[in-house]
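To start, the structure under review is shown below, and the notes come after it.
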Amino acid sequence: MITRSPSILEFAELQEYSLAPVKVLSSGMAARLGFAIATDVQPDILILDEILSVGDESFKNKCKQRIEKFWAADATVLVVSHDLEFVKQSCERVIWLDKGKVKLIGEANQAIEAYLTSMIHTHHSTISL
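Residue numbers for the sequence shown, in the working numbering: 5 to 133.
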């Protein structure tokens, strides 16, 4: 890996890999590095795909805090996530996709309730947050 900005490596918790080629990183390490690089600057639009599915709870909390800073600065953040609790707590608007098709666009609570209701009917089981 080309020597990276110390703040990027510190956030990704990869200081000891500063001289290693990216190809030696695990997929989780690469995802952490990608998130750290993407959020080290202030992009106009930040797109995050399942970033909270990698890393331990401590790293996930760091990611959430950094995402919240973008929202506080009125940045546009598009989050792809199956973490319903994070979506409920953090997102204002939700687009629910099912097999690549838009199922619903609305407020987070409304979309999550509709999604869970659909899952209950589809799987005939109890699902809760």
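From the three backbone atoms N, C-alpha and C, an ideal C-beta is built for every residue, glycine too. Just so it is clear, the structure is predicted and the values come from calculations on it, not from any experiment.
Item to complete: Output the distance between the C-alpha atoms of residue 65 and residue 17, rounded to the nearest integer angstrom.
Response: For the purposes of this step, residue 65 is identified with residue 61 of the sequence shown, where counting begins at 1. For the purposes of this step, residue 17 is identified with residue 13 of the sequence shown, where counting begins at 1. Whole-angstrom Cα-Cα distance: 13 Å.
Worksheet item: Can residue 84 and residue 53 be called in contact, C-beta distance under 7 Å?
Response: For the purposes of this step, residue 84 is taken as the residue at position 80 of the sequence shown. For the purposes of this step, residue 53 is taken as the residue at position 49 of the sequence shown. In this structure, residue 84 places its C-beta atom within 7 Å of the C-beta atom of residue 53.
Worksheet item: Shortest alpha-carbon distance to residue 86 belongs to which of 20, 76, 58?
Response: The count along the sequence shown starts at 1 and reaches residue 86 at position 82. Nearest of 20, 76, 58 to residue 86, Cα basis: 58.
Item to complete: Less than 8 Å between the CB atoms is what I'm expecting for residue 44 and residue 12, so what's the real figure, rounded?
Response: Reading the sequence shown from its first residue, position 40 is the one you call residue 44. Reading the sequence shown from its first residue, position 8 is the one you call residue 12. Contact flag correct, Cβ pair sits at about 5 Å.
Fill in: Beta-carbon gap between residue 112 and residue 92 smaller than 7 Å
Mapped onto the sequence shown, residue 112 falls at position 108. Mapped onto the sequence shown, residue 92 falls at position 88. Result yes, Cβ atoms of residue 112 and residue 92 sit closer than 7 Å.
Worksheet item: Between the beta-carbon of residue 81 and the beta-carbon of residue 50, is there less than 7 Å?
Response: Position 77 of the sequence shown, counted from the start, is the residue given in the question as residue 81. Position 46 of the sequence shown, counted from the start, is the residue given in the question as residue 50. Annotated as proximal: residue 81 and residue 50, with beta-carbon spacing under 7 Å.
Discussion item. Tell me the residue span of the alpha helix (DSSP H) that contains residue 32.
Written reply: Along the sequence shown, one-based indexing puts residue 32 at 28. Start and end: 31-43.
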